[in-house]
Amino acid sequence: MMLMPRRDFDLFDDDFFRDGFFTGKDKTLNLMKTDIRETENSYVLDVDLPGYNKEDIKIDVTDGYLTINAKTNKEVNEDNKDNYVRRERFTGEVSRSFYVGEDVENDKIKASFKNGILTLEVPKVDPEKKSPEKKYVEISD
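Using our numbering, you'd call the opening residue of the sequence shown number 238 and step up by one each time.
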């Protein structure tokens, strides 16, 4: 069986107008989906980053914003003779920021990366204790 693109289309078909060209939505919106939960002493973020390596993820906190940058550089050989019908895998860089406020102790943020999920634990602290400088968060195994 050979996969072929659908040649017959219906202008009234819902799937036709869900394409990014018509909706103006960027495919990168599906990247870095995040769940945030609050515990008694912290906020926990679970960020989906499938296909990324731990070394390609950078996390920093500046002026109350926690920013996650992830880069993947999969080789795309344009000279390849493969006849792709559709290519959806992302290559490039994505970034997402969350306002965590000034009342977060930067050096107490914990990060881990396992099975494509980045987990960040951002502890709550008193508003008098804050660290305005930029700090990178190390990801443990």
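Ideal Cβ positions, reconstructed from N, Cα and C, are used throughout, including at glycine.
From the options, residue whose alpha carbon lies closest to that of residue i
i             : options                           : result
lysine 372    : Asp283, Asp297, Lys291 and Gly301 : Asp297
leucine 282   : Val359, Val374, Ile376 and Ser377 : Val359
arginine 274  : Leu357, Val322 and Val374         : Leu357
threonine 271 : Thr309, Asp378, Thr328 and Ile354 : Ile354
proline 287   : Asp319, Leu303 and Thr328         : Thr328
arginine 326  : Tyr289, Lys347 and Glu375         : Tyr289
lysine 386    : Glu339, Arg324 and Glu277         : This structure leaves residue 386 out entirely; the chain is present only between 238 and 378.
Cβ pair residue i, residue j closer than 7 Å
i              : j          : result
leucine 268    : valine 331 : yes
asparagine 306 : lysine 295 : yes
lysine 351     : serine 279 : no
Per-residue burial, residue i [other beta carbons within 10 Å of its own, 16 or more giving buried]
i            : result
leucine 248  : Since pLDDT at leucine 248 reaches only 49, below the 50 mark, its modelled position is unreliable, and the value read off the structure follows with that caveat. Exposed.
tyrosine 321 : exposed
valine 374   : buried
Own chain, CB closer than 7 Å to residue i, minus 5 neighbours either side, in chain order
i             : result
threonine 299 : Lys371
aspartate 285 : Met269, Lys270, Gly353 and Ile354
Same chain, Cβ closer than 6 Å to residue i, five either side skipped, listed in chain order
i             : result
lysine 379    : The structure shown has nothing for residue 379, since the chain only spans 238 to 378.
serine 349    : Thr356 and Ser377
threonine 304 : Asp297 and Ser334
Own chain, CB closer than 8 Å to residue i, minus 5 neighbours either side, in chain order
i              : result
methionine 238 : Any reading at methionine 238 needs caution, since the residue's pLDDT is 45, under 50, leaving its predicted position unreliable; the model's value is listed next. Hits under 8 Å: none found.
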